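There are 2 protein chains.
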Amino acid sequence: VTTALVTGATGFVGRQALCRLAEAGVEVHGVTRRSSAPGLHAPGVEWHQADLLQPGQAERLIGRIRPSHLLHAAWCVEHGRFWNDPANIDWLAASCRLLRLFAEAGGRRFLGVGTCAEYAPQDAPCDERDSPLAPVSLYGVAKHAFHLALAAFAGTTGLSHAWARLFFLVGPHEKSQRLVPDVALHLLRGEAVPCSSGRQVRDAGAALARLLLSPVEGAVNIARGNAVPISMLACRLGEIAGQPQLVRLGARPNRPGEPLVQAARVDRLRDEVGFAPRYELDEMLADALDWWRAQSPE
Amino acid sequence: VTTALVTGATGFVGRQALCRLAEAGVEVHGVTRRSSAPGLHAPGVEWHQADLLQPGQAERLIGRIRPSHLLHAAWCVEHGRFWNDPANIDWLAASCRLLRLFAEAGGRRFLGVGTCAEYAPQDAPCDERDSPLAPVSLYGVAKHAFHLALAAFAGTTGLSHAWARLFFLVGPHEKSQRLVPDVALHLLRGEAVPCSSGRQVRDAGAALARLLLSPVEGAVNIARGNAVPISMLACRLGEIAGQPQLVRLGARPNRPGEPLVQAARVDRLRDEVGFAPRYELDEMLADALDWWRAQSPE
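Chains A and B are the protein sequences, given in the same order.
Sequential numbering from 6 applies to the first sequence in our numbering.
Sequential numbering from 6 applies to the second sequence in our numbering.
The structure is reproduced here in structure tokens:
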């Protein structure tokens with residue numbers, strides 16, 4: 006029997022994966038620090054409240070659920086701060102503890118959430134099999150360090166594991182300072198949109214759920230096959246909203262330390278995990294715009 | 006004022022460094038899991054009992070001492086088991102917590118203890134500045150992962166840090182299953198000595214103490230400048246003990262996963278830290294033999 010625990014389950018990525026896992030007929034447990042969060046009552050999902058940074062809480066959680074599968078999506082993700090947040094070190098420590106507890110309680114498969122920021126800056130699309138890893142941010146380094154520890158631990162204990170490197174994402178429930186909602190909200194208010202210059206996006210929940218339930222081992226890029234620079238993304242949003250003239254590229258400087266362009270190879274995701282995107286980009290952007298329109302007090 | 010805390014202070018390396026720090030006039034605090042250990046009462050050293058793997062103990066220790074300098078020598082080191090001991094993951098987590106607590110309490114300089122096993126296997130002497138890192142054991146990976154996190158954290162917070170990569174060691178107080186005492190005890194009993202084939206050695210405490218009190222940043226190899234294969238080491242021990250015929254090279258298989266030969270470049274240690282070995286190898290081996298002779302019930 007498959008019992009899946011999802012950490013960071015109220016986050017942008019965890020929330021989506023949770024629903025896909027429930028749809029797949031798996032017994033799903035979600036954990037969040039919050040006592041309440043909107044949309045928590047997905048069918049087939051049992052919720053738990055725990056702060057994985059506090060001593061003893063992971064022990065109680067794992068002891069109670071004894072999951073066979075773990076999707077570890079929790080990490081510090083405060084917008085604009087997480088790149089060099091000292092809390093990245095706390096999450097590295099907490100993730101190591103969670104890994105040990107999970108394995109000791111009979112856990113069989115651990116899926117960690119990594120980042121495109123683990124790769125060295127490069128023009129070629131990042132390939133899990135041979136692109137050099139050289140993270141520059143504390144976020145990228147801490148994620149990379151945990152992946153090294155996870156892979157070595159799995160190698161010596163027989164634990165099954167995978168490591169999903171997320172490229173930049175777009176979808177409903179994003180934090181409102183993120184790119185797409187930021188652009189969408191400006192457009193909905195009829196305001197000009199100041200933009201920095203380059204990123205790539207993808208809706209990842211379904212890919213994570215599929216990867217967790219697959220036997221694929223090691224690092225897997227989670228990205229759209231086609232690179233989408235922010236310029237194109239913001240312009241498409243402007244066009245979909247009927248106000249392309251409001252999108253002003255280059256009006257906002259790039260954030261220091263933030264990687265500019267990272268494109269991904271998705272051979273492993275497509276061929277080994279067997280995942281193909283369900284949504285076209287325009288459709289995703291239109292959905293996001295609709296979602297934010299529904300949230301906006303007008 | 007310099008207040009130095011040494012973790013793993015009853016271990017082979019920590020114990021030596023502790024005495025050198027006390028001799029240097031620094032206020033020294035040693036921490037050990039044990040309630041008692043032989044030779045703990047070094048002059049100028051205050052002892053603390055704490056288990057850094059238990060929640061809350063590092064908090065209490067750092068809060069009480071508020072050290073300006075930290076030599077973190079504690080790790081899992083059970084002979085023959087530590088290479089792939091799952092506890093390596095616990096020590097990675099505990100080291101991250103210690104780092105955060107130290108920095109938050111105003112700590113200024115963190116010296117971590119790494120290992121030659123972080124380097125990729127290679128014939129050339131390992132160089133901190135350009136030799137590739139590719140640990141194969143869980144021990145090497147966990148140490149490497151912590152070094153990455155330490156360096157990135159230091160880079161974003163302004164903490165001063167160094168990382169001492171220890172090559173194989175010889176000296177008094179070694180665990181009795183280790184190479185030199187093993188050979189020495191066999192020789193003292195007049196028994197034949199089964200040996201595997203290659204390693205390198207050095208007495209490291211004084212180098213660690215000097216590195217902690219220096220401003221040198223980053224990874225530094227702690228090794229003798231000249232590579233000493235185990236064959237030569239064991240043979241010299243046999244000769245010093247007057248029983249060279251008892252040393253039988255090749256009679257014991259090499260331990261699986263254990264790196265065979267790692268030689269080091271010591272330019273950084275010599276030129277930047279300004280450290281030169283005080284003892285010649287023969288002198289060290291004779292001292293070790295004398296020390297073990299004194300310990301042996303004859």
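Ideal Cβ placement from N, Cα and C applies to all residues, glycine included.
None of these values were measured; they are calculated from a predicted model.
For the pair V146(A) and L153(B), the CB atoms are nearer than the 8 Å cut-off. For L155(A), the enclosing alpha helix (DSSP H) starts and ends at 143-162. Close to chain B, meaning a Cβ-Cβ distance shorter than 8 Å, are the following residues of the region 53-87 of chain A: P60, G61.
C-alpha of L57(A) to C-alpha of F151(A): approximately 16 Å in a straight line.
Going by C-alpha positions, A9(B) is about 21 Å away from N226(B). If you look at W168(B), you'll find it in the beta strand (DSSP E) that goes 165-171. The count of Cβ pairs closer than 8 Å, one atom from the region 47-55 of chain A and one from the region 18-29 of chain A, reaches three, so the stretches are in contact.
Under the three-pair Cβ rule at 8 Å, the region 124-133 of chain A does not count as touching the region 82-93 of chain A. The three-state reading of DSSP puts R71(A) in coil, since its state is none of H, G, I, E or B. Under the DSSP definition of a beta bridge, F115(B) partners with L75(B), H166(B). Residues of chain A whose Cβ lies closer than 7 Å to the Cβ of T162(B) are, in chain order, P91. In the three-state reduction of the DSSP assignment, G223(B) falls in the strand class. Check the Cα spacing between R20(A) and each of G160(A), P137(A), L213(A), A108(A): the tightest is with L213(A). Residue-level contact check: V146(B) touches chain A, since one or more beta carbons of chain A fall below 8 Å from its beta carbon. It is roughly 13 Å from the alpha-carbon of T120(A) to the alpha-carbon of C81(A).
Neighbours of R102(A) in chain B, taken as residues whose beta carbon is under 7 Å from its own, are A98 in chain order. Taking the CA atoms as reference points, Q62(B) sits about 33 Å from L138(B). For L153(B), the neighbours in chain A by C-beta distance under 7 Å run, in chain order, V146, H149, A150. Residue state for L218(A) is assigned as helix, using DSSP reduced to three classes. Residue-level contact by beta carbon holds for D95(A) and chain B, with a gap shorter than 8 Å. Any Cβ of chain A closer than 8 Å to the Cβ of R113(B) would place that residue at the interface, and such an atom is absent. Listed by position along chain A, the residues whose Cβ is nearer than 7 Å to that of R105(B) are P91, I94, D95. Among the CB atoms of chain B, none fall inside 8 Å of the CB of A169(A).
Using a Cβ-Cβ cut-off of 8 Å, L138(A) does not count as an interface residue toward chain B, since no Cβ of chain B sits closer than that to its own.
By the Cβ test, the region 156-170 of chain A is in contact with the region 109-119 of chain A, since at least three Cβ pairs between them sit closer than 8 Å. Burial check for S40(B): the Cβ neighbour count within 10 Å stays below 16, so the residue is exposed. Neighbours of L116(A) in chain B, taken as residues at a C-beta separation under 7 Å, are lacking, since the least C-beta distance is about 17 Å. V36(B) carries a strand assignment under DSSP once its states are collapsed to helix, strand and coil. Its chain contains no residue whose beta carbon lies nearer than 7 Å to that of D295(B) once the 5 sequence neighbours on both sides are disregarded.
Setting aside the 5 residues that flank it on each side, S142(A) is surrounded in the same chain by W88, N89, A122, G262, each with a C-beta closer than 7 Å to its C-beta; the list follows chain order. In the structure shown, C131(A) adopts extended strand secondary structure according to DSSP, grouped into three states. A straight line joining the alpha-carbon of D292(A) with that of E277(B) spans about 59 Å. For the C-beta of L143(B), the chain A residues within less than 7 Å are, from N- to C-terminus, A157, F158, T161. When C-alpha distances from A156(A) are compared across L66(A), L218(A), C101(A), the shortest belongs to C101(A).
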